[in-house]
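First the structure, in the form of structure tokens, and then the observations on it.
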Amino acid sequence: RRLFNQGYIQAYAYTDARGVYVPADEVEERDGAYFHNGEPVDREYGKMGKSLKNSFAPDEICDDYGADTLRVYEMSMGPLDQSRPWATKDVVGAHRFLQRVWRAAVDEETGTLRVTDADPSDDTLRALNRTIDGVSDDYAHLRDNTAIAKLIEYTNHLTKTYPDGAPRAAVEPLVLMLAPVAPHLAEELWSRLGNTDSLAHGPFPVVDEKWLVEDS
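Numbering (our numbering), first residue to last: 14 to 229.
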């Protein structure tokens, strides 16, 4: 156990001619300049908070995209111990990733499962085990941002390789690996995949070392 200090989430803040902070969500950009109530303002970076009037309500993000999207976005912004800039427009990227994970298991039109009982290909088994190996190490060292990047890459592999439905043996480990950062979505998918027990305390996927070796 050790002390771990998280970085700040930063956002643009704006001051008027008096040097007083004005609400960031009321500032308009025109031709590269910034205005509040028609008056020009100066822009700077600062810690998100009430004093700088540059905070964003998490409830609004949750209402629009869901709590799991907010978690995934915040965890993917960068290393946890570094300050990171907030960008609302980038939240949609996390949302689209979670949508792709959902579609890997569930048909959006009918709500039925898309997974198959086919055996994963060798390429998929290599991709899966490399993902398990990398994500396990990233989580252990609090590198959530790189863990999510690996999960995105693996999800893209499943989407491209299995347009008509991926093997169950390839999808279930993805759901288990996603659970630490998107617990609500993962729990729902785990249930739809036919599991009766919660995955909250379930086994994490274990890497099969033979698939980490490159073919000669």
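Glycine included, each C-beta is placed from N, C-alpha and C at the ideal position.
What's the gap between the Cα of residue i and the Cα of residue j?
| i | j | result |
| --- | --- | --- |
| G20 | L191 | 23 Å |
| E41 | K163 | 37 Å |
| S134 | N169 | 15 Å |
| Q112 | Y47 | 35 Å |
| G147 | V33 | 47 Å |
| K223 | I145 | 13 Å |
| Y27 | G178 | 49 Å |
| F217 | Y152 | 11 Å |
How is the beta strand (DSSP E) around residue i delimited, first residue to last?
| i | result |
| --- | --- |
| Y58 | D55 to K60 |
| H49 | A46 to H49 |
Where does residue i land, buried or exposed, given buried means 16+ other C-beta within 10 angstroms?
| i | result |
| --- | --- |
| T101 | exposed |
| T82 | buried |
| F17 | exposed |
| L225 | exposed |
| D157 | buried |
| A89 | Going by the sequence as given, residue 89 is Ser instead of Ala. Per the 10 Å Cβ criterion, buried. |
| R31 | exposed |
| E240 | It is not possible to answer for residue 240, since the shown part of the chain is limited to 14 through 229. |
| E230 | The shown model of the chain, from 14 to 229, leaves out residue 230, and the question about it has no answer. |
| P176 | exposed |
| P53 | exposed |
Could you tell me the boundaries of the alpha helix (DSSP H) in which residue i lies?
| i | result |
| --- | --- |
| Y21 | Here Y21 belongs to no alpha helix (DSSP H), and DSSP marks it neither H nor E. |
| A162 | D157 to T174 |
| S204 | P196 to R205 |
| N142 | D135 to A153 |
| V85 | A80 to S89 |
Give me the DSSP bridge partner(s) of residue i.
| i | result |
| --- | --- |
| Y34 | T28 |
| T129 | P180 |
| H119 | It is Val, not His, that sits at residue 119 in the sequence shown. DSSP lists L126 as partners of V119. |
| E42 | Y47 |
| R97 | I22 |
| E52 | H49 |
Does residue i have its Cβ less than 8 Å from a Cβ in chain C?
| i | result |
| --- | --- |
| L141 | Absent here is chain C; the protein component of the structure consists of one chain. |
Less than 7 Å between the CB of residue i and some heavy atom of the ligand SAM, yes or no?
| i | result |
| --- | --- |
| D81 | This structure simply doesn't include the ligand SAM, nor any ligand for that matter. |
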